[in-house]
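> Sequential numbering of the sequence shown, starting at 1, is according to this note's numbering.
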Amino acid sequence: MTLVAQRKVGYGKIDPELSRELFIRRALVEGEWRTHHRFFHDNRKLLDEVEELENRARRRDILVDEETLFDFYDQRVGSEVVSGAHFDSWWKQTHRTRPDLLTFTPELLVNDNATAVTERDYPSVWRQGELTLPLTYQFEPGAEADGVTVHLPLTLLNQVRPAGFDWQIPGLREDLVTALIRSLPKALRRNFVPAPDFAKHVMRGLESTPPDDKPLVELLEWQLHRLRGIPVPRDSWSYESVPDHLRITFRVVDEKGRKLGESKDLEALKIELRSRTQAAIAEAAGGLEKRGLKEWTIGELPHSFIQKRGAQTVKGYPALVDDGESVSVRLLDTPHAQQRAMLGGTRRLLLLGVPSPVNSIQGRLGNGAKLALASNPHGSTEALFADCLTAAADKLIADAGGPAWDEDSYKRLRDSVRAELYDTTADAVVKVANILAVNHRVNERLKAIGNSLLLLTGLTDIRAQLAELVHPGFVADTGCRRLPDLLRYLKAVERRLVKLPEDPHRDRDRTSVMLRMRDAYDDLLADLPADRMDEDGVAQIRWMLEELRVSLWAQPLGTPYPVPSSGSCGRSRRSAERLRPGSGCPARGTRSGLVGLLQHRPQPGQQLVEHRALAVVEQVERLVRGLHVVADSSDRGGPGLGGDHDLDPPVDRADLAPDQPARLQPVDQAGDIGRVAHQRLGQAAHRHRLAQQHRQRLGLHRGQPVPGGDSGEVLVVGGAERGELLDEVRLGGRGRWSARCCS
């Protein structure tokens, strides 16, 4: 008969020896014990530190085994201790005379072969400027955070730069160099085997270089070239082949240490958490943000906001932000975001306080201009005029040194914009009308050609180009200064369409050249952080590609610099010197635009950006310099434009003067030349005869003013003896026109 079931009894009385062993092993060694004894907690903390050291070094032979710990306790704990209660009673008496009897020491826990693992090689923090960022280590292959993790407070995320993180911590740097050498293509990699040996040689050469000074792969290339005399192209490195634990993980945490986001791509993490970062910075700034502004009532707007919060320094960048019907002051996370927002916010505030010239300009347009402007991609003429007004305001703000940061400078800026806004907007409207007229002709010609399989490659490329050139918002995106270039690019497309059916194979060859260049540029964009997409250097490369199109398909239209151009070569070399970090060559002079690509060094996976940019620039300029080889001989003395070719501009700038009635410029004489000049001719003799006839009829000689014109001028490209045809008629001001001959 069972009197009491499941009653627990002390096993120490049954088997004291086994009970003592179980207590030491389970409670003291493995830590399965809740107690207040200080030595126990100190020992557990020291064990955690040694385990962390193993995670840092990615080794499991640093901490001594459990048998060593068991022997330590077995030799010191009294033989009468068979349970927690017995231990408490024994320790109460023993610790009075021997308080450190059961306390671990680092020498006890760490094996002799782990002396090389130091704080210098495996630091606890990462220092970048004034920032001190905690580091943690995880040795768990396959886990997302395997390796080194940098902990970034949300309010500091906008201040952290990618520079230096590509070097890894010193303890893992040699492994990283080895993995990078192994990532090279086989044809190149076989020159550097065995990779670990070359990595050791390289590491000796890197000892004197600070991690923040240059990208790791740049010095790695130099060292490998020094060792074997073999150059390593920058695009040979493959970070995708590098093990994950050798790439630093970035973890963003809030004030309570909770994880908000984690990634090995710092720039992507910044973009993902941008709104939360701005909200956190704004919360720290208190009442700095304002909304619903329609006039400048904020005094002076600081360029930056800095506030100490404990050990952290919160930094933000105040800016005017365009809200549509009003403007707000917000605290943004980066200077790039501030710069972009300030232009839009200042423009909106100015347009709210300055009378719009749109209605006046619309009322003075002639029918030809209205018809051209109606064929726009915006969906309505109102949206198109708003786009022109935006572009005009942007130009005036830039010319006046804007945007404004205080009330006095804003008032001066407003007065300047008010005085020039009508003329600048009207000028933009004239240029846009011409652009849309040519764009309409190009699209009509595209429809007429159809979708022939033989021409499909060229037609697809042209349609993609047109979508980039003329789209909703293209006026402000292009900018007032570049609108004449945009017109020239569209005319180059028109010339290309005329020649495309005549020699599709030649067009396909040139298209392949262009597509290779475009692919290189797309690769550059893919690696650029989102907040750098609108930098001047990126845009300049994009427009260089358009100039290359002009040189490939419409050389008579010309480019901003001669072909070949020694000046262009010089600019390319200066650009190359500025684009190559650590080239050792100081920049001779400056080059606008491209230098901006290197204002911030990208992180691993993005550090090839500046070199890809350089490659794109050099390829473009090399192709432009060699166009006399690339260009087919049919571009010289070839057929002129076929079909009807409307005069440009369809409206003269003088037609939009506030005190003049709307009218179109008479162009009878020029139109006669244009119609004949744009006839499609099949043979060189026929072209020569017609050209001579029209020169005789008008009494034209090389470079001679046109009879009956008001100081008109004939611009001739090439020699008259080759029988050029007038292929372009330009209107320039009231009663002025000139003609350009095709070669």
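Even glycine gets a Cβ: it sits at the ideal position worked out from N, Cα and C.
Please read all numbers here as calculations on a predicted model, not as lab measurements.
Which residues does DSSP pair with Gly328 in a beta bridge?
For the purposes of this step, residue 328 is identified with residue 328 of the sequence shown, where counting begins at 1. Per the sequence shown, residue 328 should be read as Ser rather than Gly. BP columns for Ser328 point to Val321.
> The beta strand (DSSP E) that contains Ser263, what's its start and end?
As a first step, residue 263 must be located in the sequence shown, where it is residue number 263. Under the DSSP assignment, Ser263 falls in the beta strand (DSSP E) whose first and last residues are 259-263.
> From the DSSP output, in three-state form, read off Arg127 for me.
What you label residue 127 is simply residue 127 of the sequence shown in a count that begins at 1. Three-state DSSP puts Arg127 in a strand.
> Could you tell me whether any Cβ in chain D is nearer than 7 angstroms to the Cβ of Ser380?
Here chain D cannot be found, since the structure has a single protein chain.
> Quick one, which of Gly229, Val177, Phe385 has its alpha-carbon nearest Arg204's?
Working through the sequence shown from its first residue, we reach residue 204 at position 204. Comparing Cα-Cα distances from Arg204 to each of Gly229, Val177, Phe385, the minimum goes to Val177.
> Go to Phe39, then tell me how far its alpha helix (DSSP H) extends in each direction, as first and last residue.
What you label residue 39 is simply residue 39 of the sequence shown in a count that begins at 1. Per DSSP, Phe39 belongs to the alpha helix (DSSP H) from 38-57.
> Is it buried or exposed for His336, if we count other Cβ within 10 angstroms and need 16 for buried?
Mapped onto the sequence shown, residue 336 falls at position 336. Under this definition His336 is a buried residue.
> When DSSP labels each residue in this structure, what does His471 get in the three-state scheme?
In the sequence shown, residue 471 corresponds to position 471, counting from 1. DSSP places His471 outside both helix and strand once states are collapsed to three, so it counts as coil.
> When we look at the beta-carbon of Leu224 and count the other beta-carbons within 10 Å, is it buried (16 or more) or exposed?
For the purposes of this step, residue 224 is identified with residue 224 of the sequence shown, where counting begins at 1. Per the 10 Å Cβ criterion, buried.
> State buried or exposed for Gln93, treating a residue as buried only when at least 16 other CB atoms are found within 10 Å of its CB.
Along the sequence shown, one-based indexing puts residue 93 at 93. Exposed is the call here.
> According to DSSP, Thr149 sits in a beta bridge with which residue or residues?
Numbered from 1 along the sequence shown, position 149 holds the residue referred to as residue 149. For Thr149, which the question treats as bridged, DSSP gives the partners Thr136, Thr249.
> Confirm the yes/no value for this check: CB of Gly379, any heavy atom of the ligand HEM, distance under 6 angstroms.
The ligand HEM is not part of this structure, which contains no ligands at all.
> On the three-state DSSP scale, how would you describe Val442?
Reading the sequence shown from its first residue, position 442 is the one you call residue 442. For Val442, the secondary structure class from DSSP, reduced to helix, strand or coil, is helix.
> Are Arg508 and Thr457 closer than 7 angstroms when you measure CB to CB?
The residue labelled residue 508 in the question sits at position 508 within the sequence shown. The residue labelled residue 457 in the question sits at position 457 within the sequence shown. For Arg508 and Thr457, yes; Cβs fall inside 7 angstroms.
> Output the boundary residues of the beta strand (DSSP E) element that contains Phe192.
Along the sequence shown, read from residue 1 onward, the residue named residue 192 stands at position 192. No beta strand (DSSP E) contains Phe192, which DSSP labels as neither H nor E.
> With respect to the beta strand (DSSP E) encompassing Arg347, which residues constitute its N-terminal and C-terminal limits?
As a first step, residue 347 is located in the sequence shown; it is residue number 347 there, counting from the start. Not the beta strand (DSSP E): Arg347 falls in the alpha helix (DSSP H), residues 335-353.
> Using the rule of at least 16 other Cβ atoms within 10 Å of the residue's Cβ for burial, across every protein chain shown, is His86 buried or exposed?
The count along the sequence shown starts at 1 and reaches residue 86 at position 86. By the neighbour-count rule (16 or more Cβ atoms within 10 Å), His86 is buried.
> Buried or exposed for Thr155, going by 16 or more other Cβ atoms inside 10 Å?
Along the sequence shown, read from residue 1 onward, the residue named residue 155 stands at position 155. Looking at its Cβ environment, which holds 16 or more other Cβ atoms inside 10 Å, Thr155 is buried.
> Could you round the C-beta distance between Leu152 and Leu133 to whole angstroms and report it? I think they count as a contact, below 8 angstroms.
In the sequence shown, residue 152 corresponds to position 152, counting from 1. In the sequence shown, residue 133 corresponds to position 133, counting from 1. Indeed they touch by this definition, with Cβ atoms about 6 angstroms apart.
> So which of Gly164, Arg60, Pro302, Leu352 has the shortest CA-CA distance to Leu332?
Counting from one through the sequence shown, the residue named residue 332 turns up at place 332. Taking only the C-alpha atoms, the option nearest Leu332 is Pro302.
> Quick one: Cα of Ala492 to Cα of Arg549, how far?
Translated into positions along the sequence shown, residue 492 becomes position 492. Translated into positions along the sequence shown, residue 549 becomes position 549. When only Cα atoms are considered, Ala492 and Arg549 end up about 8 angstroms apart.
> What residue from Ala404, Glu130, Phe385 has the CA that sits closest to Thr313's CA?
What you label residue 313 is simply residue 313 of the sequence shown in a count that begins at 1. Residue Glu130 is the option with its Cα nearest to Thr313.
> For Gly12, which three-state DSSP category applies?
On the sequence shown, position 12 is the one that residue 12 refers to. If DSSP states are grouped into helix, strand and coil, Gly12 belongs with coil.
> Give me, in chain order, the residues of the same chain whose beta-carbon lies closer than 6 angstroms to that of His686; leave out the 5 immediate sequence neighbours on both sides.
In the sequence shown, the residue the question calls residue 686 occupies position 686. At His686 the pLDDT is 44, less than 50, meaning the model places this residue with poor confidence; the figure from the coordinates comes in the next sentence. Nothing listed; no residue qualifies.
> When the Cα of Pro196 is compared with those of Asp175, Leu350, Pro211, which residue comes out closest?
Reading the sequence shown from its first residue, position 196 is the one you call residue 196. Closest by alpha carbon: Asp175.
> For the structure I just gave you, are there three or more beta carbon pairs, one from the stretch 240-247 and one from the stretch 285-297, closer than 8 angstroms?
no
> Once the 5 residues before and after Thr136 are set aside, which same chain residues still bring their CB inside 6 angstroms of it?
Counting from one through the sequence shown, the residue named residue 136 turns up at place 136. Thr149, listed in sequence order.
> Assess contact between the stretch 266-274 and the stretch 156-164, defined as three or more Cβ pairs (one per stretch) separated by less than 8 angstroms. Is contact present?
yes
> From which residue to which residue does the beta strand (DSSP E) around Gly292 run?
One-based indexing of the sequence shown puts residue 292 at position 292. It spans 290-293 - the beta strand (DSSP E) in which Gly292 sits, taken as one unbroken run.
> Quick one: is Val321 buried, meaning 16 or more other Cβ sit within 10 Å of its Cβ, or exposed?
Along the sequence shown, one-based indexing puts residue 321 at 321. By the 10 Å Cβ count, Val321 comes out buried.
> With which residues is Gln362 paired in a DSSP beta bridge?
Position 362 of the sequence shown, counted from the start, is the residue given in the question as residue 362. BP columns for Gln362 are empty, so no partner.
> Provide the residue(s) that pair with Gly313 in DSSP beta bridges, ordered along the chain.
Residue mapping note: residue 313 aligns to position 313 of the sequence shown, counting from 1. The residue asked about is misnamed: residue 313 is Thr in this sequence, not Gly. For Thr313, the pairing in a beta bridge is given by DSSP as Lys308.
> Taking only runs of the alpha helix (DSSP H) that begin and end inside the stretch 56-123, which ones reach a length of at least 4 residues, in chain order?
66-76, 84-94, 106-109
> In its own chain, which residues sit with a C-beta less than 7 angstroms from the C-beta of Ala199, not counting the 5 before and 5 after it?
The sequence position of residue 199 within the sequence shown is 199, counting from 1. If we look at Ala199 and ignore the five residues flanking it on each side, its Cβ neighbours are Glu174, Val177, Thr178, Ile181.
> For Leu459, count neighbouring Cβ atoms within 10 angstroms of its own Cβ and tell me buried if that reaches 16, exposed if not.
Stepping through the sequence shown from its first residue, residue 459 is reached at position 459. Leu459 is buried by the Cβ-count criterion.
> Which whole-angstrom value is the C-beta distance of Leu446 and Glu420, which I expect to be below 8 angstroms?
The residue you call residue 446 lines up with position 446 of the sequence shown. The residue you call residue 420 lines up with position 420 of the sequence shown. No, Leu446 and Glu420 are not in contact; Cβ-Cβ is about 38 angstroms, not under 8 angstroms.
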